[in-house]
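Residue numbering for the sequence shown follows numbering that gives the first Met the number 0, starting at 0 and increasing by one per position. Presented below is the structure to which this report refers.
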Amino acid sequence: MAIQSQNPATGEILKSFEPHSDKQVDAIIAKSERAYSELRLWSFERRAEAMRRAADILRSEAETLGAIITREMGKTLKSAIAEVKKCAIGAEYYADMAAQHLANEIVETNASKSYRAYQPIGPVLAVMPWNYPIWQVVRFAAPALMAGNTGLLKHASNVPQCALYIESIFKRAGFPDGAFQTLLIGGSKVEPVLRDDRVKAATLTGSEPAGASVASICGQEIKPTVLELGGSDAFIVMPSADLDKAVSVGVTARTQNNGQSCIAGKRFIIHADIYEEFRAKFKSAIEALQVGDPTDENTDIGPLVNAASRNEIAEQVNSAVQDGATLITGGTIIDGPGYYFQPGILENIPKTSKAFHEEIFGPVAALYVVGSIEEAIELANNSPFGLGSSVWTHDVDEQALAIRDLEAGATFVNAMTSSDPRLPFGGIKRSGYGRELAAEGIRAFCNVKTVYVG
Ligand code: NAP
0 MAIQSQNPAT GEILKSFEPH SDKQVDAIIA KSERAYSELR LWSFERRAEA MRRAADILRS
60 EAETLGAIIT REMGKTLKSA IAEVKKCAIG AEYYADMAAQ HLANEIVETN ASKSYRAYQP
120 IGPVLAVMPW NYPIWQVVRF AAPALMAGNT GLLKHASNVP QCALYIESIF KRAGFPDGAF
180 QTLLIGGSKV EPVLRDDRVK AATLTGSEPA GASVASICGQ EIKPTVLELG GSDAFIVMPS
240 ADLDKAVSVG VTARTQNNGQ SCIAGKRFII HADIYEEFRA KFKSAIEALQ VGDPTDENTD
300 IGPLVNAASR NEIAEQVNSA VQDGATLITG GTIIDGPGYY FQPGILENIP KTSKAFHEEI
360 FGPVAALYVV GSIEEAIELA NNSPFGLGSS VWTHDVDEQA LAIRDLEAGA TFVNAMTSSD
420 PRLPFGGIKR SGYGRELAAE GIRAFCNVKT VYVG
């Protein structure tokens, strides 16, 4: 895959990059190792000072970087700027909390002193997707650097300018030269990096095939991995819910990031008693969304990332309809320049249809009707994925059942699934394993050393 920025709003190629040669990759890994030998000895205070400078840069350059994000992957400018500002919060969280999350933990044993210590392990490769091109990177980089590891970023091939910008931020913030570097390489060049002895672990956020490939190579090399993969999150609405709120949050949950979010609400599972009302309100709200130029303040949904992705979503909609689903609005390609797509709603997707089990990575909601919370949970769990889940009910028994029985890495009650640096983030089943953010995120790539003093 060519490493180039293409503006999804126009189709224009903005910039092409020569991929790094094997020799350049080797030099970058060597530099990462040298930076690690320095960073691992820095105190938490010193790392935190640099991390806070990174947060300041992110905040002060949010408009500039936001515009680059929008040009490279098409999300609305306002959401791109918000993404960069969220990154500043994530960086500050780890500047504040790393020392606490990684403090020695005394354990009483027969020893005169025994404890767990969290130590860094070295250069870590992060293979990242284009959909939140800065947030995905920062949620890896902030804990990695605060733990004393160094980062090698293999970003998606369509967001090289974002990749180089974030590299420059950590450099300007004062981390050791080489502590965080971008590798301009395609997916096919990842394997030798994973097999390189100097690279100690890998994290991948992206699709299942990419995750399976990285994990199997790391399995052969006995290296730890964290995988954050796809999702097809359930959004359950029961009769006691605040319906108007559930509708408006549901629309945001499905269409945020132009519909290209792993934790988007994708399957709307609605109780029969409120189904007709929910359907009518949801349909009107989806139809009211403004699709257009992502730099326009009034736009809700910009273009999809590229032609191939748009074709794939149109194809998923068509095959669902052929299998017996009903398309109740939208769900079609918008002609003209740019990769625009009319947000849509599918209803009654049969369980035998491929679309019932697949992730739809674009602004198309699937509606289902159920008769009870038990049926809603059963339907929600009838998916290969288990990333997030959202349940709307004021009935405490229903809430308790959903929290206990939904097969997902997160259950949000009367709220939209989202990521927060203070809470762990990740999935189960085919959505991956391991956790990012919170204490789990920073401990993921640490050696949990047992120390025993006799
Ligand atoms: P993708 O094709 O898997 O790309 C993600 C990254 O993996 C890119 O850097 C890509 O590089 C690289 N890659 C692709 N194939 C590879 C291989 N065989 N070996 C090593 N690296 C490889 O994913 P996408 O389709 O762009 O992203 C959308 C998917 O990501 C969706 O399923 C979405 O749900 C998921 N996602 C999950 C989370 C989460 O936190 N769980 C967050 C965001 C997105 P190239 O660009 O060079 O191919």
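Glycine included, C-beta positions come from ideal geometry on N, C-alpha and C.
Check                                                                                                                            : Outcome
Beta-bridge pairing of R266 - partner residues as DSSP gives them                                                                : A233 and A365
Residue range of the beta strand (DSSP E) that includes I348                                                                     : Where I348 is concerned, there is no enclosing beta strand (DSSP E), given that its DSSP letter is neither H nor E.
Endpoints, beta strand (DSSP E) assigned at Y93                                                                                  : Segment L76 to H100 is the alpha helix (DSSP H) holding Y93; no beta strand (DSSP E) there.
Pairwise C-alpha distance: I221 and V304                                                                                         : 35 angstroms
Pick from I216, E48 and A364 that is closest to G249, judged by C-alpha positions                                                : A364
Distance between R138 and Q180 (C-alpha atoms, nearest Å)                                                                        : 15 angstroms
Sequence ranges, beta strand (DSSP E) only - wholly within the region 92-168, length at least 3                                  : 112-119, 122-126 and 149-153
In DSSP terms, what T325 is bridged to                                                                                           : E346
Beta-bridge pairing of S15 - partner residues as DSSP gives them                                                                 : Q3
Beta-carbon gap between Q255 and S78 smaller than 9 angstroms                                                                    : yes
Cut-off 7 angstroms between Cβ atoms - residues of its own chain near R171, not counting five sequence neighbours on either side : I56
Residue interval of the beta strand (DSSP E) (run including K222)                                                                : Taken as a continuous stretch (DSSP letters only), K222 belongs to no beta strand (DSSP E), as it is neither H nor E.
Buried or exposed by the 16-neighbour rule on C-beta atoms within 10 Å, applied to D196                                          : exposed
Exposure of P110, with buried meaning 16 or more beta-carbon neighbours within 10 Å                                              : Note on residue identity: the sequence assigns Ala, not Pro, to residue 110. It is exposed - the Cβ of A110 has fewer than 16 other Cβ atoms within 10 Å.
CA-to-CA distance, A245 to E104, given in whole angstroms                                                                        : 43 angstroms
Whole-number beta carbon distance between A155 and P128, since they are thought to touch under 8 angstroms                       : 5 angstroms
C261 CB to nearest heavy atom of the ligand NAP below 8 angstroms                                                                : yes
Distance between beta carbons of D394 and M237, contact taken as under 8 angstroms                                               : 7 angstroms
Contact test: V126 Cβ vs the ligand NAP heavy atom, cutoff 8 angstroms                                                           : yes
Inter-residue spacing [alpha-carbon to alpha-carbon] between T63 and Y339                                                        : 24 angstroms
Pick from A90, E276 and R253 that is closest to S231, judged by C-alpha positions                                                : R253
Cβ-heavy atom distance, A209 to the ligand NAP, below 8 angstroms                                                                : yes
From K112, R58 and L183, residue whose alpha carbon lies closest to that of P18                                                  : L183
Cβ-based neighbour list, L378, same chain, cut-off 7 angstroms, excluding 5 preceding and 5 following                            : I268, Y367 and V369
Cβ-Cβ separation, E71 to P132 (assumed contact under 8 angstroms), whole Å                                                       : 7 angstroms
Cβ pair count under 8 angstroms reaching 3, the region 89-108 against the region 28-35                                           : no
The region 393-408 touching the region 297-315, judged by at least three CB pairs closer than 8 angstroms                        : no
Residue range of the unbroken beta strand (DSSP E) whose run includes A200                                                       : A200 to T204
Span separating the alpha-carbon of E406 from that of P383                                                                       : 10 angstroms
Continuous alpha helix (DSSP H) stretch holding V192: start and end                                                              : V189 to R194
One or two residues paired with F340 in a DSSP bridge                                                                            : I332
Nearest-angstrom Cβ-Cβ length linking S389 and F411, presumed shorter than 8 angstroms                                           : 5 angstroms
N310 - partner residues in DSSP beta bridges                                                                                     : Answer is none; N310 lacks a bridge partner.
N446 - partner residues in DSSP beta bridges                                                                                     : Q118
Q75 classed as buried or exposed, judged by whether at least 16 other C-beta atoms fall within 10 angstroms                      : In the sequence under discussion, the amino acid at residue 75 is Thr, which differs from the Gln named in the question. By the neighbour-count rule (16 or more Cβ atoms within 10 Å), T75 is buried.
Local conformation of I300 per DSSP, three classes                                                                               : strand
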